[in-house]
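So the structure is just underneath, and the comments pick up after that.
In UniProt numbering, the protein residues as written are 1 to 194.
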């Protein structure tokens with residue numbers, strides 16, 4: 001990536017971004033053409049530059065779902081760098097980002113469960129309730145991950161959410177979350193018994 005563009009993303013300079021676009025209108029397209037790359041959105045998300053990240057999301061929405069060479073989306077990186085406010089902003093702009101699959105099929109929601117970030121787990125459930133059904137490459141959903149990794153506070157949130165949701169759509173929740181088998185043919189309840 002262009003060094004000046006990287007610096008603009010790190011510092012959150014929207015003016016510098018547009019100066020670079022003025023010099024080379026295809027600068028963002030060239031980055032988007034690469035299948036796996038750290039985009040300016042990845043950098044801004046890592047640095048917590050909310051305004052720059054939102055501007056980038058407006059200019060190039062595809063960057064939000066693009067993975068870098070480590071299999072991380074911009075929001076995966078933001079979670080790793082504890083940029084909670086940025087994650088909240090971008091989830092409210094595009095709730096589908098909760099389900100973007102990274103390395104090993106781990107979604108943003110899964111990562112929040114693994115990191116026991118209760119506030120952002122709740123935010124994801126509110127903005128994107130279907131994210132509770134997403135599974136990793138091992139066939140594990142968020143409930144599996146909470147049980148296996150002993151994230152008990154998150155487990156309480158998830159089971160409370162499932163109870164509320166089951167009143168509306170009991171069969172779907174039962175099969176897609178509670179009775180979902182992973183690759184080792186274990187449901188979350190089987191895992192809890194270990």
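Where is the CB? At the ideal position from N, CA and C, for every residue including glycine.
CB of residue i within 7 angstroms of CB of residue j, strictly
i           : j           : result
residue 32  : residue 62  : yes
residue 177 : residue 132 : yes
residue 77  : residue 51  : no
residue 125 : residue 89  : no
Residue i versus residue j: straight-line alpha-carbon distance, rounded
i           : j           : result
residue 1   : residue 39  : 8 angstroms
residue 99  : residue 108 : 6 angstroms
residue 11  : residue 54  : 14 angstroms
residue 119 : residue 26  : 38 angstroms
residue 121 : residue 102 : 17 angstroms
residue 164 : residue 128 : 15 angstroms
residue 114 : residue 8   : 31 angstroms
residue 141 : residue 43  : 28 angstroms
residue 3   : residue 192 : 49 angstroms
residue 112 : residue 104 : 15 angstroms
Own chain, CB closer than 6 angstroms to residue i, minus 5 neighbours either side, in chain order
i           : result
residue 28  : 60
residue 155 : 146
Reference residue i, options the options, closest by Cα
i           : options             : result
residue 36  : 67, 126, 77 and 172 : 67
residue 143 : 3, 22, 190 and 127  : 190
residue 56  : 157, 86, 69 and 71  : 86
residue 41  : 65, 24 and 30       : 65
residue 186 : 148, 104 and 30     : 148
residue 180 : 135, 194 and 161    : 135
Contacts around residue i, its chain only, beta-carbon distance under 7 angstroms, and the 5 residues preceding and following it disregarded
i           : result
residue 116 : 151, 153 and 154
residue 92  : 127
Residue i at chain B interface by Cβ criterion, 7 angstroms
i          : result
residue 34 : Structure shown: chain B not included; a single protein chain is present.
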